[in-house]
């Protein structure tokens, strides 16, 4: 996986390679789909959710530009795989999942692997985690149709968000109150559902 899907596609930052090599991806995949854990594809979770293909996880992590002192907000805990990689790179991770079954399962997996610098919340990701803001970086692993304003306001000035909007991947850097967007191509993510919608 590392050689063909990560290094082979130009993602060769040493800290990213080390983190992705250290996280046992199969531990985050349900038993029924575990044989696909290291393949070049998204893998099904329960409740219609997926864990992104390894390359997309690597690309989004690289685009976020995490350093070891950063506090990161993750919207969409999902399986916890992306969370684990972020936790190996950042000082702390705050992760929000709206589906309690997935959120609890991810927490159990992460805690069983010894991660203790992760904070968990079950809830609507559109609202983020305002009482812990501002964050150095925000990563969103489900696709809203527009940039959620509440999440943008939780970035530090100079902070960066990596987010799929519709079927396009963007980095959004906060410059004062301005959102500076850079497009990174087409992607496919599950929709980001708002509570009550």
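Numbering (this note's numbering), first residue to last: 3 to 199. We treat Cβ as the ideally placed atom computed from N, Cα and C, and that holds for glycine.
Here the region 62-74 makes no contact with the region 105-121; the two share fewer than three CB pairs at distances below 8 Å.
For residue 166, the beta-bridge partners assigned by DSSP are 171. Within the DSSP bridge table, the entry for residue 177 names 180 as partners. Fewer than three Cβ pairs drawn from the region 131-140 and the region 48-55 lie within less than 8 Å of each other, which leaves the two stretches out of contact. Counting along the chain, residue 105 sits inside the alpha helix (DSSP H) bounded by residues 102-114. In the three-state scheme derived from DSSP, where H, G and I count as helix and E and B as strand, residue 36 is classed as helix. A Cβ-Cβ distance of about 5 Å is found for the pair residue 71 and residue 93, placing them in contact under the 8 Å criterion. If you draw a straight line from the Cα of residue 82 to the Cα of residue 177, it is about 30 Å long. With 16 or more other CB atoms across the displayed protein chains lying within 10 angstroms of its CB, residue 98 is buried. The three-state secondary structure of residue 30, taken from DSSP, is helix. Checking the DSSP bridge columns, you'll see residue 117 has no partner listed. Sorting 119, 168, 67, 193 by C-alpha distance to the C-alpha of residue 85 places 119 at the top. The DSSP assignment places complete alpha helix (DSSP H) segments of no fewer than 4 residues inside the region 129-161 at 151-155, in order along the chain.
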